[in-house]
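Participant: The following block contains the structure, expressed as structure tokens.
Residue numbers (full-length UniProt numbering): 1 to 846.
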């Protein structure tokens, strides 16, 4: 309680004296818990929001680097002149690429290659390394675009009259730098080898070994003619508004398509889920910090009750009390804002320390938004948390000094609750995942409290020691207070579990992209007569490989006797209608695919990938016709599968039963893991792998090998960055949750001091009181921990299924770790407070 000797002349106290009074109470420990809670919420929200904003920018940039531009226009026809004129008028960065397949000839050999003709500006994003000498040397970050270091020459762009080959193409053609190679009708001198290509684009069915020439040299190759299979691309770096304007001005033909970061199927899911996790973590930390603040404010208002009643009984007017409380609350908010922002900046720096190696330099700025967001969050939560009970406190009658009476809170005061919801709408209005979490939190708080009380009542019926009976009796006697404590404790534990479990489930899903035995080489165009010998050579080398898949290309022509484009209401409904697809046939479905509907095995049937089935409106029993090698075949849909496209495995939209395509010849595909060196050193491993692949290429010159080891390394770096990011965020979320639990238990125990004094007055010993308190809060921790496990499993399952579109899993370790975490935190609180609770009774004989 405040210093009452000032109260006799309260009405005449100036603001300066009131401010001194408020500071004295803060100094003496009356208000510091509220100041700490305000500081905590601002520091946590600022630090998390700043780091999340930077990580979001980094993830976005990584996605654009994988795309090699902000957006890409792709077409099977030459780039429209209207688009080229529009980008020229807007003065945006552009680069072009023309892609086609042709034969490359040397004096010793020949090879089918993919020619990538680019201009001198390519790539706009990402990095391309071109080495002019045989020995590759890693380029330092500080090097300019083209450097010379002794015998080594590294370039990043292609110039006219240059030819750059992948190392494997150089081996297959048996050429070195300076030798002549013919591409189509044009002769080139080999400029060097391609060490690293930009981007993460990967399609094992469309890639051939790559060679790079300049855009100006395409015509002289004579390889691009009317009817040739050519892909034209325009890479654009521009603001989102400029990109949106370009898209509106260009009318797409069936062969045109815009590709953005979200269109990159193999990487966009990881990027999008990372951003979702950032939003989810920030929202949960805000909720936990808000609960901490609300609990602390409730304790503060309860401690002000006697002071307000005393001041009113001594003649203090309501206007003066408002001024007095406003100075106190204003001081608290100022302290919270100043220290919160300072600590938040330091916190963001500390959180970046584990990410130093994976974050770019210089770092993207986070601007003013974290400051505005953190202070706005603090005000939106703190004003109703303090305002509602304080308005009720001001209405407390002076007669309460003689007889305690409940405070009346007006309906207008309750309207302050709308403030945080308005902020949430502004910050997360379109984020379904966050609203799903918040709605579940509100429902689960009530359910967790009810379930916990029910379990406590059941335990009371069991035989127990006197101390345990007293503890259970105390819990069940004050149902409302115990229910709130149960709900808050269980909810806190559940939120901690949610942050960590969602993190683990996401990592588990991402690790499937590159498991230890993931294939890093694809072999295509294996002829029927050489398939067995080829597989035998892989098996003799004891390599991990997939089964061999027959491959043939074709188009969808009709669905249930209706033209496919008409049946699907336009080819824009699915990319599968705009191009040829790769088909396969098998006696059984791949184990890596999830069977969603139907039964495999009926002859004359086909299995359909779930995304294509949804786009085209296909269902079990429908008949689909295809044009393959100028022949029309039909098959009935017998199964629908879910395909995990992010995994680097051979996957197909359509898989036929063998009888459907028995009269059509195809080639074979197999993927395998390249051999490793015995001492596991990277350089030796690369040499061994290259030696084995070169041997395969010489033994089977018509087989195309897709070496994706370099690209797999890029993806691994991306995943490493993202794993570090969400681990740091998850760790901070757990810390915020533990602070909430610590605050909750500390306040709860502080409120027990008067009751413990009563027990001592009635003759209870210190030993029995100590044991009763441990029983009471131990039972509360155990019940809340187990109930929180149920809530966490249900919530995480919902988030994974509908928020991240992943299959939920069961977490058995949670059922031990969460109650253990609750009990350890409880033990720390009790160890620090139990002696203080029993201090007033030291003079009483035990």
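Ideal placement from N, C-alpha and C gives every residue a C-beta, glycine not left out.
If residue 818 sits next to residue 778, beta carbons under 8 Å apart, how far is it from one beta carbon to the other, in whole angstroms?
Facilitator: For the purposes of this step, residue 818 is taken as the residue at position 818 of the chain shown. For the purposes of this step, residue 778 is taken as the residue at position 778 of the chain shown. With a Cβ gap of about 15 Å, residue 818 and residue 778 do not count as contacting.
Participant: Within this structure, are the beta carbons of residue 232 and residue 79 separated by less than 7 Å?
Facilitator: Translated into positions along the chain shown, residue 232 becomes position 232. Translated into positions along the chain shown, residue 79 becomes position 79. Yes, these two residues count as a Cβ contact at 7 Å.
Participant: Does the beta-carbon of residue 490, which I'm using as the reference point, lie nearer than 6 Å to any heavy atom of the ligand GDP?
Facilitator: With respect to small molecules bound, the structure shown includes none, and the ligand GDP cannot be examined in it.
Participant: Have a look at residue 265 and residue 36 and give me their C-alpha separation to the nearest angstrom.
Facilitator: Here residue 265 corresponds to residue number 265 of the chain shown, with the count starting at 1. Here residue 36 corresponds to residue number 36 of the chain shown, with the count starting at 1. Because residue 265 sits at a pLDDT of 45, beneath the cut-off of 50, its placement in the model cannot be relied upon, and the following sentence gives the value as read from the coordinates. Cα to Cα, residue 265 sits roughly 45 Å from residue 36.
Participant: Just how far apart, CA to CA, sit residue 91 and residue 126?
Facilitator: Taking the first residue of the chain shown as 1, we reach residue 91 at position 91. Taking the first residue of the chain shown as 1, we reach residue 126 at position 126. Going by the C-alpha atoms only, they are around 21 Å apart.
Participant: When burial is assigned at 16 or more other CB atoms within 10 Å of the CB, is residue 632 buried or exposed?
Facilitator: Within the chain shown, residue 632 is the residue found at index 632, counting from 1. Answer is exposed; the Cβ neighbour count stays below 16.
Participant: Which of helix, strand or coil does DSSP assign to residue 738?
Facilitator: In the chain shown, the residue the question calls residue 738 occupies position 738. Looking at residue 738 - three-state DSSP - the assignment turns out to be helix.
Participant: Rounded to whole angstroms, what's the CA-CA distance from residue 771 to residue 730? Just pull it up for me.
Facilitator: Position 771 of the chain shown, counted from the start, is the residue given in the question as residue 771. Position 730 of the chain shown, counted from the start, is the residue given in the question as residue 730. Each residue's Cα considered, the two are about 35 Å apart.
Participant: Grab the span of the alpha helix (DSSP H) containing residue 874 for me, first residue to last.
Facilitator: The requested residue 874 does not occur in the structure, where the chain is confined to residues 1 to 846.
Participant: Helix, strand or coil, according to DSSP, for residue 684 in the structure here?
Facilitator: For this step, residue 684 is matched to residue 684 along the chain shown. Only weak support is given to the placement of residue 684: the predicted model assigns it a pLDDT of 42, under 50, and the question is left unresolved by the model.
Participant: Would you mind stating whether residue 733 and residue 450 have Cβ atoms separated by less than 7 Å?
Facilitator: What you label residue 733 is simply residue 733 of the chain shown in a count that begins at 1. What you label residue 450 is simply residue 450 of the chain shown in a count that begins at 1. No, Cβ-Cβ distance for residue 733 and residue 450 is not below 7 Å.
Participant: Determine whether the beta carbon atoms of residue 163 and residue 191 lie at a separation below 7 Å.
Facilitator: Here residue 163 is taken as the residue at index 163 of the chain shown, counted from 1. Here residue 191 is taken as the residue at index 191 of the chain shown, counted from 1. Contact: yes.
Participant: Going by the DSSP bridge assignment, what does residue 597 pair with across the sheet?
Facilitator: Translated into positions along the chain shown, residue 597 becomes position 597. DSSP lists 640 as partners of residue 597.
Participant: How far does the alpha helix (DSSP H) with residue 552 in it reach, from first residue to last?
Facilitator: In the chain shown, residue 552 corresponds to position 552, counting from 1. Premise fails: residue 552 lies in the beta strand (DSSP E), 549-559, not in any alpha helix (DSSP H).
Participant: Which residue wins for smallest C-alpha separation from residue 706, given the options 737, 670 and 741?
Facilitator: Along the chain shown, one-based indexing puts residue 706 at 706. It is 670 whose Cα lies nearest to the Cα of residue 706.
Participant: Using DSSP with H/G/I as helix, E/B as strand and the rest coil, what is residue 849?
Facilitator: For the chain, the structure presents residues 1 to 846; residue 849 sits outside this window and is missing.
Participant: So, for residue 325: in the same chain, excluding its five sequence neighbours on each side, which residues have a beta-carbon less than 7 Å away from its beta-carbon?
Facilitator: As a working mapping, residue 325 is identified with position 325 in the chain shown. So the list reads 390, once near-sequence residues are dropped.
Participant: Does the contact criterion of 3 or more C-beta pairs under 8 Å hold for the region 541-552 versus the region 658-673?
Facilitator: yes
Participant: Any idea what DSSP makes of residue 211, helix, strand or coil?
Facilitator: On the chain shown, position 211 is the one that residue 211 refers to. Correct three-state label for residue 211: strand.
Participant: Based on the DSSP output, what are the partners of residue 706 in its beta bridges?
Facilitator: By 1-based counting over the chain shown, the position of residue 706 is 706. Bridge partners of residue 706: 522.
Participant: Enumerate in chain order the residues of its own chain whose CB-to-CB distance from residue 141 is below 6 Å, with the five nearest sequence positions on each side excluded.
Facilitator: Along the chain shown, read from residue 1 onward, the residue named residue 141 stands at position 141. For residue 141, the predicted structure reports a pLDDT of 40, less than 50, and the residue's modelled location is therefore unreliable. The matter cannot be settled from this model.
Participant: Between the alpha carbons of residue 493 and residue 641, how many angstroms are there, rounded?
Facilitator: One-based indexing of the chain shown puts residue 493 at position 493. One-based indexing of the chain shown puts residue 641 at position 641. Whole-angstrom Cα-Cα distance: 38 Å.
Participant: Using the Cβ count rule (16 or more neighbours within 10 Å means buried), how would you classify residue 214?
Facilitator: By one-based count along the chain shown, residue 214 stands at place 214. So residue 214 ends up on the buried side.
Participant: Scan the region 148-197 and note each continuous alpha helix (DSSP H) run of 4 residues or more that stays entirely inside, going in chain order.
Facilitator: 167-173
Participant: Please report the residue range of the alpha helix (DSSP H) in which residue 613 lies.
Facilitator: In the chain shown, the residue the question calls residue 613 occupies position 613. From DSSP, the alpha helix (DSSP H) with residue 613 extends over 610-616.
Participant: Run the CB neighbour count on residue 248, radius 10 Å, all protein chains shown included, and call it buried at 16 or more, exposed below.
Facilitator: Residue mapping note: residue 248 aligns to position 248 of the chain shown, counting from 1. By the neighbour-count definition (other C-beta atoms within 10 Å, threshold 16), residue 248 is an exposed residue.
Participant: Does DSSP classify residue 110 as helix, strand or coil?
Facilitator: Along the chain shown, read from residue 1 onward, the residue named residue 110 stands at position 110. DSSP places residue 110 in strand when its eight states are reduced to three.
Participant: Applying the 10 Å Cβ sphere with the 16-neighbour rule, what's the burial state of residue 595?
Facilitator: The residue you call residue 595 lines up with position 595 of the chain shown. With fewer than 16 other Cβ atoms within 10 Å, it is exposed.
Participant: Any idea which residues DSSP pairs residue 607 with across the strands?
Facilitator: Locating residue 607 in the chain shown gives position 607, where the first residue counts as 1. Answer is 639 and 655.
Participant: In whole angstroms, what separates the C-alpha of residue 435 from that of residue 795?
Facilitator: For the purposes of this step, residue 435 is identified with residue 435 of the chain shown, where counting begins at 1. For the purposes of this step, residue 795 is identified with residue 795 of the chain shown, where counting begins at 1. Cα to Cα, the separation comes out at about 13 Å.
Participant: Assuming residue 342 and residue 371 are in contact, meaning their beta carbons sit under 8 Å apart, how far apart are those beta carbons, in whole angstroms?
Facilitator: Position 342 of the chain shown, counted from the start, is the residue given in the question as residue 342. Position 371 of the chain shown, counted from the start, is the residue given in the question as residue 371. Not confirmed; about 11 Å, so no contact.
Participant: With 16 as the cutoff for other CB atoms within 10 Å, does residue 593 come out buried or exposed?
Facilitator: Position 593 of the chain shown, counting from 1, holds the residue named residue 593. By the neighbour-count rule (16 or more Cβ atoms within 10 Å), residue 593 is buried.
Participant: Compare the C-alpha of residue 577 against each of 367, 128, 654 and 96 and name the closest.
Facilitator: Translated into positions along the chain shown, residue 577 becomes position 577. Ranking 367, 128, 654 and 96 by Cα distance to residue 577 puts 654 first.
Participant: Per the contact definition of three or more C-beta pairs closer than 8 Å, is the region 526-543 in contact with the region 814-830?
Facilitator: Between the region 814-830 and the region 526-543 there are fewer than three inter-stretch CB-CB distances shorter than 8 Å, so the stretches are not counted as touching.
Participant: Report the three-state DSSP secondary structure of residue 668 (helix, strand or coil).
Facilitator: Your numbering for residue 668 matches position 668 in the chain shown. It is a strand residue.
Participant: In whole angstroms, give me the CA-to-CA distance for residue 737 and residue 589.
Facilitator: As a first step, residue 737 is located in the chain shown; it is residue number 737 there, counting from the start. As a first step, residue 589 is located in the chain shown; it is residue number 589 there, counting from the start. Computed Cα separation, rounded: 46 Å.
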